[in-house]
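Okay, so here's the structure we're looking at.
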Amino acid sequence: MALVNECFLSLPGNYLFSEINKKVNTFSLQHPDAKLIRMGIGDVTKPLAKAVIDAMHQAVVEMSDAKTFRGYGPEQGYRFLIEKIIEIDFRSRGVTVQPEEVFISDGCKSDMGNIGGLFAKENVVAVTDPVYPVYVDSNVMDGRGGGTSASGMWKNIVYLPCIKENDFIPALPEKPVDIIYLCFPNNPTGTTLTKPELKKWVDYALETGALILFDAAYEAFIAEEDVPHSIFEIEGAENCAIEFRSFSKTAGFTGIRCGYTVVPKKVAARTGTGKKIFLNALWNRRQTTKFNGVSYITQRAAEAVYSDEGMRQCKENIAYYMKNAAIVRDGLKHMGLEAFGGINAPYIWFKTPENIDSWTFFDRMLKEIHVIGTPGVGFGPSGEGCLRLTAFGSREDTVAAMERFQSWSI
Ligand code: MLT
């Protein structure tokens, strides 16, 4: 009989958002008349931009004619999309990226989960806490968890609190680490780092040889000037960082699936005997073996995000969501709750009143006002006593949710 990877068995039974879905579905079955407002998972609600839809239609037409039909594309992605990414996401910010450094994928989540396959299980991984659960769970699957302690924390993972008490600015690790996951604008807290703060991390990585895996999935929501959109805006980052981007929230692609990863040619790790191995070649080997690329139609859709019309329409949607974010943030503050984020990110992070634990408060919100959030502790131990709300709902639902909060005697 085949042997399983027992690392999977040490994980909690369900992925965070599956656990929430399970609870919500049970509640819905028991209370079919309850009008639920979903502010849990960060899933967009506005339809795709017209420029994107038009590009997809055009691509479908091409696929219907033998002369323009496309079969397998390049595993790394089509040049037409890679060139646009380089020009608009990077060159316009003074960052040089080469086409061979960009890998188009079916989204940031897959790449963030799969990248661990390049690394030995002996690596010490550091995460900010609370954190997007994919980083921790996928490292546990790869054998880098080391079992949990009494507090529920993974023994071999270094947790870097990112909490109100430190202004959501994590401190550099106190012990040596090999791989550091950073996500800014941050999921789940909605907070950001300024350039000088991010530079501290790049300098640390250059000094110690650590690798930074930088998740920039929410960069399109940045409104403030001094917040970097890419880690490669920081000098030297091309020697120590890999960046992950997504069209999910930028352009409403959560259902379409497209993202990309930038693996600079200079970034390296080493073998047990100290030989330097460049990660770009390794990731290329991994992708060409295990991945057959993103569909032509999807990549044409992503290309249209960079057209003048596409950018204008996507920005309009982002502005709509960020107005929701302001409504949520102001509404919570008005109730006397401590709320963070929602300025450069579509997430609002708030402290529960009287330190009610996250899951209790989640249950009460669901049962008493029929609003779904995400319990902070689901993102890590430092999230206990907090909840996350998303701004991705409709305006009507967002306003209605805040009205329900205001008239709720917690
Ligand atoms: C979230 O709610 O944290 C995100 O939607 C998850 C994701 O992007 O996979």
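Residue numbers (the numbering used here): 189 to 598.
C-beta: ideal position from N, C-alpha, C; glycine also.
Quantities reported herein were computed from a predicted structural model and do not represent experimental measurements.
Quick one: what does DSSP say Asp-325 is sitting in, helix, strand or coil?
Residue numbering aside, residue 325 sits at position 137 when the sequence shown is read from its first letter. Helix, per DSSP.
For Leu-370 and Gly-333, the rounded distance between their alpha carbons:
Residue numbering aside, residue 333 sits at position 145 when the sequence shown is read from its first letter. Residue numbering aside, residue 370 sits at position 182 when the sequence shown is read from its first letter. Roughly 18 Å between the two C-alpha positions.
Beta carbon of Val-322: closer than 8 Å to some heavy atom of ligand 1?
For the purposes of this step, residue 322 is taken as residue 134 along the sequence shown, with counting starting at 1. Yes, the beta carbon of Val-322 sits closer than 8 Å to at least one heavy atom of ligand 1.
Measuring from the CB of Phe-441, is there a heavy atom of ligand 1 at a distance below 8 Å?
Start at 1 with the first residue of the sequence shown, and residue 441 comes out as number 253. Result no, Cβ not under 8 Å from ligand 1.
Are the Cβ atoms of Thr-586 and Tyr-535 separated by less than 9 Å?
The sequence position of residue 586 within the sequence shown is 398, counting from 1. The sequence position of residue 535 within the sequence shown is 347, counting from 1. Not a contact, by the Cβ cut-off of 9 Å.
Distance check for Gly-265 and Glu-288, CA to CA, integer angstroms please.
Taking the first residue of the sequence shown as 1, we reach residue 288 at position 100. Taking the first residue of the sequence shown as 1, we reach residue 265 at position 77. Rounded to the nearest angstrom, the two C-alpha atoms are 10 Å apart.
The beta strand (DSSP E) that contains Glu-431, what's its start and end?
Taking the sequence shown and counting its residues from 1, one reaches residue 431 at position 243. Taken as a continuous stretch (DSSP letters only), the beta strand (DSSP E) holding Glu-431 covers 429-434.
Buried or exposed: Thr-316, going by 16 or more other Cβ atoms within 10 Å of its Cβ?
If you number the sequence shown from 1, residue 316 lands on position 128. Buried, since its Cβ has 16 or more Cβ neighbours within 10 Å.
What is the rounded straight-line gap between the Cα of Met-341 and the Cα of Arg-226?
Within the sequence shown, numbered from 1, the residue matching residue 341 stands at position 153. Within the sequence shown, numbered from 1, the residue matching residue 226 stands at position 38. So the alpha carbons of these two residues sit roughly 29 Å apart.
With distance defined between alpha-carbon atoms, name the residue in Asp-403, Ala-507, Trp-537, Glu-407 nearest to Gly-600.
It is not possible to answer for residue 600, since the shown part of the chain is limited to 189 through 598.
Runs of beta strand (DSSP E) wholly within the stretch 565-590 (minimum 3 residues, chain order):
574-578
Nearest to Arg-281 (by Cα), restricted to the options Asn-202, Ile-422, Ala-456, Thr-256
Here the question's residue 281 lines up with position 93 in the sequence shown. Residue Ile-422 is the option with its Cα nearest to Arg-281.
Helix or strand or just coil, what does DSSP make of Asp-253?
Working through the sequence shown from its first residue, we reach residue 253 at position 65. Asp-253: coil per DSSP, three-state reduction.
List the DSSP bridge partners of Ala-457.
Taking the first residue of the sequence shown as position 1, residue 457 is located at position 269. Paired residues: Ile-465.
Here's the rule: buried if 16 or more other CB atoms are within 10 angstroms of the residue's CB, otherwise exposed. What is Met-189?
Start at 1 with the first residue of the sequence shown, and residue 189 comes out as number 1. So Met-189 ends up on the exposed side.
When Pro-452, Lys-454, Arg-433, Ala-456 are compared against Arg-445, the one with the closest alpha-carbon:
Locating residue 445 in the sequence shown gives position 257, where the first residue counts as 1. Measuring from the Cα of Arg-445, the nearest candidate turns out to be Arg-433.
Nearest to Cys-574 by CA position, among Gly-378, Gly-397, Thr-461, Met-590, is which residue?
Against the sequence shown, residue 574 aligns to sequence position 386. When only C-alpha atoms are compared, the closest one is Gly-378.
How many Å lie between Asp-221 and Asp-277 at the Cα?
Here the question's residue 221 lines up with position 33 in the sequence shown. Here the question's residue 277 lines up with position 89 in the sequence shown. Their Cα atoms are separated by approximately 45 Å.
Any heavy atom of ligand 1 closer than 8 Å to the Cβ of Ser-546?
One-based indexing of the sequence shown puts residue 546 at position 358. No.
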